[in-house]
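Engineer:
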Amino acid sequence: MSTSTTEANGSADTSPLPVIRQYVTTNDQATGKAVLASGRDAVWRNHRNGEAYMTEPFSTSKFPEDLNDSADIRSHEAFVSGGEMSLVREGGTVCRVVDFCPANVPAMHRTRSLDYGVVLEGEVELILDSGEVYTMRRGDVAVQRATMHAWRNASNTEWARMLFMLQDCAPVQISGAELVDDINSVAMPGR
């Protein structure tokens, strides 16, 4: 499989959907009032030769997360700037936005995680390894529970966007065998 790790920031190298701006808040140490810690345009990664573009607005490394002294912000920055990105963050969470090109080639995969996937733009097909296919429309939510699945933009002309919240989970057992990650077709490229 050939993947590209080209990063883009709202340029012609990304989807034509609106730019996402990320806002991270914190508490002012002197007043205790809410203030903005950072605000910036999302940094997108070209994934699978333009089949999709991904960005991670935030992630955590444990639960419950430590928000003191911006430990969580530093941890997230290290995660997204580190060498190898993974789909799931062990012991934590990942907030990810994915833009799918029209009629993208679906990539069947499984992660050991509990995921919420929300369609923000367009229509996306949820494809299960059993052969079942469900068309999700704007606002629809999929709850993935460590299952083999794929996502396909149902349109041949328009881009689609989904928001995902991935949470690490305990090992899943089926008939006495532990399910393992199967992400060969969507493996996250190094940065």
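According to full-length UniProt numbering, the sequence shown holds residues 1 to 191 in order. Ideal Cβ positions, reconstructed from N, Cα and C, are used throughout, including at glycine. All values derive from a computational prediction rather than experimental measurement.
Less than 6 Å between C-beta atoms, sequence neighbours within five positions excluded: which residues of the same chain meet that for His-47?
Structural biologist: Counting only Cβ-Cβ distances below 6 Å, and skipping sequence neighbours, we find Met-54.
Engineer: Buried or exposed: Ala-12, going by 16 or more other Cβ atoms within 10 Å of its Cβ?
Structural biologist: Because Ala-12 carries a pLDDT of 47, less than 50, the predicted location of this residue cannot be relied on, and the following value inherits that uncertainty. With fewer than 16 Cβ atoms within 10 Å of its Cβ, Ala-12 is classed as exposed.
Engineer: Touching or not, the segment 129-139 and the segment 91-107, by the rule of three or more beta carbon pairs under 8 Å?
Structural biologist: Contact between the segment 129-139 and the segment 91-107 is absent, because fewer than three Cβ pairs lie under 8 Å.
Engineer: On the criterion of 16 or more Cβ atoms from any shown chain inside 10 Å, does Gly-122 qualify as buried, or is it exposed?
Structural biologist: Gly-122 should be labelled buried.
Engineer: Considering only residues of the same chain and omitting the five flanking positions on each side of Asp-181, which have a CB-CB separation below 7 Å?
Structural biologist: Result list for Asp-181: Arg-110, Thr-111, Arg-112, in chain order.
Engineer: In the DSSP assignment, find the unbroken alpha helix (DSSP H) run with Arg-20 in it and report its ends.
Structural biologist: Per the sequence presented here, residue 20 reads as Ile, with Arg not at that position. Segment: none, Ile-20 is in no alpha helix (DSSP H) and carries neither H nor E.
Engineer: What residue from Asp-69, Pro-57, Val-97 has the CA that sits closest to Phe-79's CA?
Structural biologist: Here the closest residue by C-alpha is Pro-57.
Engineer: Since Asp-115 and Gln-144 are thought to touch, with beta carbons under 8 Å apart, how far apart are those beta carbons, to the nearest angstrom?
Structural biologist: Right, their Cβ atoms sit about 4 Å apart.
Engineer: For Ser-38, which residues in the same chain have their Cβ closer than 7 Å to its Cβ, ignoring the five residues on either side in sequence?
Structural biologist: Same-chain partners within the cutoff: Val-24.
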